[in-house]
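Novice: Protein chains in written order, with UniProt numbering: chain A, 1 to 152; chain B, 1 to 152; chain C, 1 to 152; chain D, 1 to 152.
Pasting in a structure now, in C-alpha cells, and then I'll have a few things to ask.
Number of protein chains: 4
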Amino acid sequence: MEDERQPEPANPAVQERIRNSFDRQGLMGHLGARLGHIGPGRVHILLPSRPEVTQQHGYFHAGATSAIADSAGGYAAFTLFPENTSVLTVEYKINLLAPAEGEHIEAIGQVLKSGRTLTVCQLEVFGVQGTQRSLVATGQQTLIRIHARAEQ
Amino acid sequence: MEDERQPEPANPAVQERIRNSFDRQGLMGHLGARLGHIGPGRVHILLPSRPEVTQQHGYFHAGATSAIADSAGGYAAFTLFPENTSVLTVEYKINLLAPAEGEHIEAIGQVLKSGRTLTVCQLEVFGVQGTQRSLVATGQQTLIRIHARAEQ
Amino acid sequence: MEDERQPEPANPAVQERIRNSFDRQGLMGHLGARLGHIGPGRVHILLPSRPEVTQQHGYFHAGATSAIADSAGGYAAFTLFPENTSVLTVEYKINLLAPAEGEHIEAIGQVLKSGRTLTVCQLEVFGVQGTQRSLVATGQQTLIRIHARAEQ
Amino acid sequence: MEDERQPEPANPAVQERIRNSFDRQGLMGHLGARLGHIGPGRVHILLPSRPEVTQQHGYFHAGATSAIADSAGGYAAFTLFPENTSVLTVEYKINLLAPAEGEHIEAIGQVLKSGRTLTVCQLEVFGVQGTQRSLVATGQQTLIRIHARAEQ
C-alpha cells in the first residue's frame with residue numbers, strides 16, 4: 001500500500017511554509033510529533049511512542065493516531081495550494097485496523113483529488129518497529145482552501 | 001441538538017470502571033481532558049483551552065477535538081457493556097463545522113444503537129464560552145465489544 | 001431521535017423547485033421513490049418495498065437505502081439555497097444499523113449546519129410497518145453549493 | 001490508483017457463490033449492473049449509462065454509484081470468507097470526486113484488512129468512456145461476517 005519510492009521533495013519555499021505552520025500547531029509539539037517527508041501532495045508525520053500518547057491498554061490512542069493523520073492530510077493538501085491561502089479540514093473518516101504500536105507511528109497524507117475549492121486526501125498510519133511496518137489505520141479526508149489570514 | 005436534561009447518572013460501579021479506564025489513558029491526562037457526566041449510554045468529556053491543544057491559528061486542533069470525541073463515544077458504549085468486556089473503536093467520521101474555540105470544548109458521546117458485537121454512537125463537540133454553547137463538530141462512530149484483558 | 005412534530009412546510013416556490021428537480025432524477029423514479037414532507041432544511045423521501053430494491057436476503061439493499069438518504073439530504077440543503085444555485089454531494093457516511101424492512105422505508109435529511117459554501121446534513125432512514133417505525137440507518141453528509149446550470 | 005494488472009480470478013466455487021448471490025440482489029438487476037472481475041479480495045461491478053440511473057443533471061446518481069460500490073466491496077470481502085458465512089455492510093463513507101459520466105461506471109471493491117469478524121475495503125468508482133478511465137468516487141467500507149442463513 002505504501003510505496004517505498006520517496007517522490008521528490010516539495011520546493012524549499014513550500015517546505016518552509018509547512019514547517020512554519022507545523023511549528024505553530026501547539027498540539028503537534030505537545031504530542032512530540034515531527035514532520036517527515038514533504039513532497040508535492042504528500043506529507044509524512046511521525047509520532048514516537050511515549051506514555052503521554054496512549055490509551056488505556058498502552059497502545060497509541062486513536063486520538064493521537066487521528067491527530068497526526070489529520071495534520072498529514074492537511075499539509076499534503078497545503079503543498080499544492082498557492083501562496084496566501086490556508087487549509088481547513090472539512091471532515092475525515094478513519095478506520096482503526098489494528099492496535100497501534102511500535103517505536104513510532106507514521107502518518108502519510110496523500111492528495112487523491114485537488115480541486116479549486118475542495119481537496120480529498122487518503123490517510124494511512126503505520127506502526128513502525130525496526131524495519132517492520134504495518135498499516136494500523138486508513139482514512140479519507142476532505143479539506144477546503146480558504147484565503148489566508150494575515151499571519152499565515 | 002444537545003438537550004439540557006441531564007439523564008440519570010450511570011450506577012457507581014460503571015462510573016468507577018470508566019474513571020479507572022480514563023485515568024489509564026495517557027493521552028487524556030496529557031491533553032488536560034477530564035470526564036464530565038457519565039450516564040447510561042452517554043458520556044461527556046471536557047477539554048480546557050491551552051496552547052498545547054491548538055492548531056496553527058490558535059483554535060483547538062481537530063486532532064484534540066477528535067480525541068475527546070472518540071473517547072466520549074467509547075466510554076458511552078462502555079457504560080452499556082457487561083463486566084469483563086472491553087471496547088475498541090472500529091472507525092469514526094467527524095465533520096468540523098466551525099473553528100473550535102472557547103474556555104473549553106465539551107464532547108458528548110451518545111449511543112444510537114447497542115448491539116451484541118457492534119455499537120454505534122453519535123459524537124458532538126461544543127465550544128463553550130461562559131453560557132454560550134455552539135456546536136463545532138459532529139460525528140458518527142462504530143465500536144466493537146471484546147473480551148477484556150486481565151488488567152481491564 | 002425522529003420527532004413527530006412536522007415543522008412547517010417550505011414555501012411553495014421552494015417546494016416546486018424541489019419537485020421539479022426530483023422528477024428529473026431518473027433513479028428516484030426508477031426505484032419507485034417519492035417525496036414526502038418538504039420543510040425548510042428538512043426533506044423526507046419514501047421508498048415502498050418491492051423486489052426491485054432488495055439485496056440477496058430480501059431486505060432493502062443498502063444502495064437503495066443510501067440513494068434515498070443521499071437525495072433527502074441533498075434536497076434538505078437545497079431548501080435553504082437561493083435561486084440559481086445547485087447542490088452536489090461532496091461525501092457521505094452511513095451506518096446500516098439493522099436489516100431494512102417494512103412496507104416502506106423513509107429517509108429524512110436534516111440540515112445541521114448551513115454555510116455559504118458547504119452544508120452538513122444528518123441522514124436517518126426508518127423502516128415503517130403500519131404504525132411501527134424503527135431506525136435502520138443513520139448518516140452524515142457534506143454538500144456544496146454551486147452556481148446553477150441553465151436548465152436548473 | 002487502479003492498477004491494470006488483473007490479479008488471478010477467485011476459484012470457481014467462490015465465483016459461483018458470488019454470482020448466485022448477485023443474481024438474488026433485485027436492485028443490481030433493476031439498475032442493470034453486472035459483475036466484472038472476481039478475484040480473491042477484489043470484485044468489479046459495472047453499470048452502463050441509462051436514464052434510469054441518473055440524477056437531475058443527467059450524470060450517474062450518487063445513489064447508483066454508491067450502490068455498486070457497496071456491492072463490490074461486499075463481494076470482495078465475501079471472496080475471502082469460508083462457506084456458510086454471509087456478509088453485511090456495517091457502514092461506508094464515499095467521496096464523490098467528480099460528476100460520474102461515461103458509457104459505464106465501474107466500481108472496484110478491494111479488501112484492505114480481513115479480520116475474523118470485521119473486514120475493511122477500499123472502494124473506487126471509475127467513469128469509463130472508450131479507453132478513458134477517470135476516478136469519480138472513492139470510499140472506505142466496514143463489513144461484518146455472520147453465520148449464513150439457510151438459503152445462503
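The beta-carbon is built from N, C-alpha and C at its ideal position, and this holds for glycine as well.
#1: Going along the chain, which unbroken runs of the beta strand (DSSP E) with 3 or more residues stay wholly within the region 34 to 100 of chain D?
#2: Which chain B residues are close to Val-120 of chain C, counting only those with a beta carbon under 9 Å from its beta carbon?
#3: With a cut-off of 8 Å, does the C-beta of Val-90 of chain A fall near any C-beta of chain C?
#4: Apart from the five residues just before and just after residue 153 of chain B, which ones in its own chain have a Cβ nearer than 7 Å to its Cβ?
#5: Would you say Thr-85 of chain B lies against chain D (beta-carbon separation less than 8 Å)?
#6: Beta-carbon within less than 6 Å of Pro-99 of chain A's beta-carbon, same chain only, minus the 5 sequence neighbours each way: which residues are those?
#7: Rounding to the nearest angstrom, what Cα-Cα distance links His-57 of chain D and Glu-91 of chain A in this structure?
#8: Look at the alpha carbon of His-104 of chain D and the alpha carbon of Glu-16 of chain B, and state the distance between them as a whole number of angstroms.
#9: Helix, strand or coil: how does DSSP classify Glu-103 of chain A here?
#10: Compare the Cα-Cα distances from Pro-48 of chain B to each of B:Met-28, B:Gly-41 and B:Pro-82 and report the closest residue.
#11: May I ask you to report which of helix, strand or coil DSSP gives Thr-142 of chain B?
#12: Can you tell me whether Gly-115 of chain D is helix, strand or coil according to DSSP?
#13: So for Ala-137 of chain B, helix, strand or coil by DSSP?
#14: Assuming Gly-32 of chain B and Ile-45 of chain B are in contact, meaning their beta carbons sit under 8 Å apart, how far apart are those beta carbons, in whole angstroms?
#15: Please state the DSSP three-state secondary structure of Gln-15 of chain D.
#16: What does Leu-80 of chain D reach in chain A if we use C-beta pairs closer than 9 Å?
#17: Closest by CA to Gly-118 of chain D, which one among A:Thr-131, A:Leu-96 and A:Gln-122?
#18: Rank C:Arg-133, C:Gly-115, C:Thr-54 and C:Lys-93 by C-alpha distance to the C-alpha of Gly-41 of chain C and give the top, closest one.
#19: Taking 6 Å as the limit between beta carbons, can you name the residues of its chain near Ala-107 of chain C, skipping five residues before and five after?
#20: In whole angstroms, what is the alpha-carbon distance linking Arg-50 of chain B and Arg-50 of chain D?
#21: Residues of chain B with CB under 7 Å from Gly-36 of chain A, in chain order?
#22: With distance defined between alpha-carbon atoms, name the residue in A:Gln-132, A:Glu-8, A:Ser-134 and A:Thr-138 nearest to Cys-121 of chain A.
#23: Closer than 9 Å between beta carbons: that is the criterion. Which residues of the region 50 to 62 of chain B meet it against chain A?
#24: Would you verify that the beta carbon of Thr-65 of chain B is, or is not, closer than 8 Å to some beta carbon of chain D?
#25: Is Gln-15 of chain A close to chain B? Criterion is C-beta to C-beta, closer than 8 Å.
#26: Which bits of chain A does Arg-24 of chain B rub up against, with CB to CB less than 9 Å?
#27: If you compare alpha carbons, which of D:Gln-55, D:Ser-21, D:Arg-19 and D:Gln-132 is closest to Asp-23 of chain C?
#28: Which of helix, strand or coil does DSSP assign to Gly-130 of chain C?
#29: Please list the partners that Glu-143 of chain C has in chain B, where partner means a Cβ-to-Cβ separation under 9 Å.
#30: Would a check of beta-carbon distances place Thr-117 of chain D closer than 8 Å to chain B?
#31: Where does Gln-140 of chain D land, buried or exposed, given buried means 16+ other C-beta within 10 angstroms?
#32: Exposed or buried, what is Gln-129 of chain B when buried is set at 16 or more other beta-carbons lying within 10 Å of its beta-carbon?
#33: If contacts are defined as beta-carbon pairs under 8 Å, then Gly-63 of chain B and Gly-63 of chain A qualify, I think. What distance do you get, rounded to the angstrom?
#34: Return the CA-CA distance between Glu-52 of chain B and Ser-134 of chain B, expressed in angstroms with no decimal places.
#35: Quick check: the Cα distance between Arg-34 of chain C and Gly-26 of chain C, rounded to an integer number of angstroms?
#36: Around the Cβ of Thr-65 of chain A, are there at least 16 other Cβ atoms within 10 angstroms (buried) or fewer (exposed)?
Specialist: Let me lay it out:
#1: 34 to 39, 42 to 48 and 85 to 96
#2: Asn-95, Leu-97 and Thr-138
#3: yes
#4: With chain B running from 1 to 152 in the structure shown, residue 153 of chain B is simply not present.
#5: no
#6: Tyr-59
#7: 26 Å
#8: 57 Å
#9: coil
#10: B:Met-28
#11: strand
#12: coil
#13: strand
#14: About 11 Å separates the two Cβ atoms, so there is no contact after all.
#15: helix
#16: Chain A residues near Leu-80 of chain D: none, gap ~15 Å exceeds 9 Å.
#17: Checking the displayed sequence, the identity of residue 118 of chain D turns out to be Leu instead of Gly. Ranking A:Thr-131, A:Leu-96 and A:Gln-122 by Cα distance to Leu-118 of chain D puts A:Leu-96 first.
#18: C:Gly-115
#19: Ile-45, Ile-68, Ala-69, Ala-72 and Val-125
#20: 56 Å
#21: Those within 7 Å of Gly-36 of chain A in chain B number zero; the least Cβ separation is about 17 Å.
#22: A:Thr-138
#23: Arg-50, Pro-51, Glu-52, Val-53, Thr-54, Gln-55, Gln-56, His-57, Gly-58, Phe-60, His-61 and Ala-62
#24: no
#25: no
#26: Thr-54, Gln-55, Gln-56, His-57 and Gly-58
#27: D:Gln-55
#28: coil
#29: Correcting the residue identity first, residue 143 of chain C is Leu in this sequence and not Glu. Going along chain B, no residue has its Cβ under 9 Å from Leu-143 of chain C, so there is no contact; the nearest lies around 11 Å.
#30: yes
#31: buried
#32: exposed
#33: 7 Å
#34: 22 Å
#35: 12 Å
#36: buried
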